[in-house]
Structures are given as C-alpha cells and as structure tokens.
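Reviewing the structure listed below.
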Amino acid sequence: MSILAKILEHKKMEITALDAQTLRRAADSSPAPRDFLAAIKRRRFGLRPSLIAELKRASPSKGILAPHLDLFQVADIYTQNGASAISVLTDEKFFLGKLETLRELRFERKSEVPLLRKDFIIAESQIYEARANGADAILLIAAALTDDKLFADLHACALSLGLTALVEVHDEHETERALKIPNIKLIGINNRNLATFDVSLETTERMRPMIPSNITVVAESGIFTATDVERLVNANVDAILVGEALVTSDDIPAKVRELSGAIP
1 MSILAKILEH KKMEITALDA QTLRRAADSS PAPRDFLAAI KRRRFGLRPS LIAELKRASP
61 SKGILAPHLD LFQVADIYTQ NGASAISVLT DEKFFLGKLE TLRELRFERK SEVPLLRKDF
121 IIAESQIYEA RANGADAILL IAAALTDDKL FADLHACALS LGLTALVEVH DEHETERALK
181 IPNIKLIGIN NRNLATFDVS LETTERMRPM IPSNITVVAE SGIFTATDVE RLVNANVDAI
241 LVGEALVTSD DIPAKVRELS GAIP
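In this text, residue positions in the sequence shown follow my numbering: the first is 1, and each later residue adds one.
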C-alpha cells in the first residue's frame, strides 16, 4: 500500500468522528475568510512569485524535519520577512500537525496574512472544520480525489463558504480533471510524485503551459534556492509553496527573504 493510500485510509477513519451539522453551524458563525487568492496574486516584490510559507515539522517523505519548531514564532518570522500567506499542516499522524495551530494563528495570534489548511480533504465535514477553525483556504489533492463528482462538489463546498480552494495536481491527467471543475481559479503543481516521492521542477515547467492564463498557478515542492525561484519565474508561475527549505534553514528569516524576493 502506498503512503497516500495509508493516509487516505486513516482520514476515512478520522472523518467518522466529525459531526458535519455541528461543524457547519460553527463554520457559518465564524468570522469571514480573508481573500487568499488576492493575497498571492498581489506580487509584493516585482516579478518574483508570491511566497506561501509552510509550517511543517515532519513529512512521510523526509521524516522528522523540525520537531521542536516554535510554530508561532516561525509564523511571525514568515510574515515579517515577505510571505504573502502561510500554509498550516493539520494532519497529526503523518505530518505532526495540529488543527489547533491553525485556530490559534487566526483567532488568538491574529495572523496578518491568509492561512491555508493543508490536509487530505475528502469530505465536506473537513471543509466546515477548516472554516470553523480559521482557514482562509483549503487544499484539494487530485490524487486523493479520484471521483470527479466528489472533486467538483468539494470545490463548490469550499467556495460556498467563502474559502479559496487550492487544487493540487501532479500530472497531465490530473490537470485535465482539475480544469473541468466549474469556477476553478487556483491550481498548484506539485513537483513531488506522491507515489514515489521523486521531486523535479521539470514537472511545473512541463505542465504550466496546459493551464490557462486566467488561472493562478502555484509551484509546490522541491524549491530550495533563489536559483530555483528564478527557474519558476521563467516558467511563469504566480506563487510558490515552500516548507522544508524554510524550517530546516539555519537562518529562517534570511531564507524567507531569499525565496520571497524581499532581500534588502
């Protein structure tokens, strides 16, 4: 069984404990989401893609990255050094994330930039949960949503709640599926193959021309240096999502500035 299959099997168990009606009421009574899409379309540093900086302690592909990271301190560093948005991993079993981190960032720490809930979303109840806990955007992974109707329905659910939906693809077939979703506005190209964990920026370079110019494009995974970012500038992406390179850096503020283009 692949890692993705194991994750999805566990997610199916997790969502059985969610009360969709209660979460929907909580979502409806939560403060309105901020405009995640507008935040990343508003390039702050010339031609450089906007930076979505990720709070990430671990991953199945790399294991433990930064187990003792002070996520709230790092979130402040991200905001102060040029990040346009923050991605918060909320999967506990495989990524050591917590939904409470998202909630505290939004409602107690008053994050100045929009927040993406990064998880493996396969049910509407998880979207209500995201909205109720302060998310401004959610991730929908094509590889995890092989049923086209469910894929489109979850996207529509997110939009109905005022959330931005970042639709993640890895290959041409997934991109074709994503482009059929009504009102799609944001696609992320994951340079990591979720089956093999191989990473190559060539994935973005190959697939970017498939996506119409009216759709905002995010490059994800495998981005470590300013040279990588320049390569993605040439590929005409609008934003980059970076986690590992930031949380493992010896100088996180400097690395954020390097990748965001905010170097003085």
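Note that the Cβ used here is the ideal one computed from N, Cα and C, for glycine as well.
Bear in mind that the values here come from a model prediction, so they are computed numbers and not experimental data.
Residue burial classification, residue i (beta-carbon count within 10 angstroms, cutoff 16)
i    : result
Q73  : exposed
Q21  : exposed
H173 : exposed
S125 : buried
T204 : buried
N81  : buried
P49  : buried
K6   : exposed
A17  : exposed
D251 : exposed
G261 : buried
K255 : buried
T309 : This structure cannot settle anything about residue 309, because the visible part of the chain is limited to 1 through 264.
R257 : buried
L241 : buried
Pick from the options that is closest to residue i, judged by C-alpha positions
i    : options                  : result
N191 : L8, L47, I138 and R206   : R206
E92  : H10, S221, S200 and L116 : H10
L246 : K41, I7 and A83          : A83
G67  : R57, N193 and S61        : Looking at the sequence provided, one finds Pro at residue 67 rather than Gly. The candidate whose alpha carbon is nearest that of P67 is R57.
G188 : K180, F197 and S221      : S221
D198 : R48, P60 and I52         : P60
L55  : R43, V88 and R34         : V88
L36  : E108, L163 and A152      : For clarity, residue 36 is Phe in the given sequence; the question names Leu instead. Measuring from the Cα of F36, the nearest candidate turns out to be L163.
A31  : L154, D136 and L99       : Before going on, a small fix: residue 31 reads as Pro here, not Ala. Cα-wise, what sits closest to P31 is D136.
D76  : A38, R34 and P253        : P253
A239 : I7, A38 and L8           : A38
F95  : K110, D28, I3 and N214   : I3
A143 : G63, V167, T79 and I127  : V167
I64  : G97, T79 and A53         : G97
K41  : G134, I215, I15 and R231 : I215
F120 : L154, D148, L47 and S213 : L154
A27  : G243, G134 and M210      : G134
F45  : T248, E244 and E230      : E230
T175 : F151, P33, I211 and E108 : I211
D127 : T248, A53 and A165       : Looking at the sequence shown, residue 127 is not Asp but Ile. Selected option, being the one with the closest Cα: A165.
T79  : L69, A152, R109 and D148 : R109
Cβ distance (whole Å) where residue i is taken to contact residue j below 8 Å
i    : j    : result
L102 : T90  : 6 Å
N236 : R208 : 6 Å
L186 : L51  : Not a contact, Cβ separation roughly 15 Å.
H170 : L201 : Going by Cβ atoms, the distance from H170 to L201 rounds to 13 Å, so no, they are not a contact pair.
I122 : L139 : Not really, about 11 Å apart at Cβ, beyond 8 Å.
I141 : V113 : The Cβ separation is near 23 Å, so there is no contact.
L23  : E129 : 5 Å
L161 : R131 : 5 Å
E244 : K62  : 6 Å
Three-state secondary structure (DSSP) of residue i
i    : result
L115 : strand
A58  : strand
S29  : coil
A235 : coil
I223 : coil
A132 : helix
S50  : strand
I86  : strand
A137 : strand
L246 : helix
L4   : helix
I122 : coil
L259 : helix
Residue i at chain C interface by Cβ criterion, 9 Å
i    : result
D228 : The structure shown has no chain C; it contains just one protein chain.
| message | Ignoring anything shorter than 3 residues, give me the beta strand (DSSP E) runs that lie fully in the stretch 144-220, in order along the chain. | response | 164-169, 186-190 and 216-220
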